[in-house]
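Our numbering numbers the first residue of the sequence shown as 2 and each following residue consecutively.
Structure record follows, encoded as structure tokens.
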Amino acid sequence: NFEKPTDAIEYRQSAFSLIAYNFGDMGAMLKGKKPFDAGVFSARADNVAALSKLPHEGFIDGTDTGDTEALAKIWQDKADFDSKMTAFKDNAAALAVAAKSSDQNQIKQAFANTGKSCKGCHDVYKKD
Ligand code: ASC
């Protein structure tokens with residue numbers, strides 16, 4: 002368990018930072034901003050799938066204030082938040098599987114689904 006609320010906030014923010022870096026690099030490859038390297042892409046997808054499991058644990062009660070962009074709405078609609086987090090993990094897992102295929106359409110679709118999970122949650126539960 003976290004000793005202090007700030008520990009939980011830092012934990013989830015750290016995980017999100019690592020997710021954003023890995024996911025962003027995958028996006029750069031899919032958008033042609035850098036060459037597509039199937040091995041690197043797949044390794045990053047594996048990273049995102051593993052990392053996607055981490056932040057949820059950091060959303061403990063009492064962490065809607067302080068140095069956080071998390072909105073109190075998370076704890077008001079916790080069941081919806083939880084289901085969106087679960088969908089994110091599922092989408093990230095599916096992306097890691099798709100990344101091992103050589104089907105660019107499947108990869109792009111799985112990437113889009115994961116990005117929609119990111120955005121879908123941010124739109125409702127993150128300060129802008
Ligand atoms: C990213 C990132 C997000 C998501 C989101 C997807 O690379 O940092 O928060 O993708 O923009 O729509």
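Backbone N, C-alpha and C fix where the C-beta goes; we use that ideal spot for every residue, glycine too.
Bridge-paired residues (DSSP) for residue i
| i | result |
| --- | --- |
| A50 | None, per the DSSP bridge assignment. |
| A71 | K127 |
Candidates the options: closest to residue i by CA position
| i | options | result |
| --- | --- | --- |
| L68 | E11, K5, D83 and Y126 | The sequence shown places Asp at residue 68, not Leu. Measuring from the Cα of D68, the nearest candidate turns out to be E11. |
| P56 | D104, A9 and A100 | A9 |
| I124 | F82, S102, G28 and F24 | Contrary to the premise, residue 124 reads as Asp rather than Ile in this sequence. Looking at the Cα atoms, F82 is the closest of the given residues. |
8 Å Cβ cutoff met for residue i and residue j
| i | j | result |
| --- | --- | --- |
| A16 | L52 | yes |
| F3 | I61 | yes |
| E70 | K120 | no |
| A88 | A50 | no |
Residue span of the alpha helix (DSSP H) that contains residue i, given as start and end
| i | result |
| --- | --- |
| P6 | P6 to L31 |
| D83 | K79 to A99 |
Burial state of residue i (16 or more Cβ within 10 Å)
| i | result |
| --- | --- |
| S118 | buried |
| N92 | buried |
| A21 | exposed |
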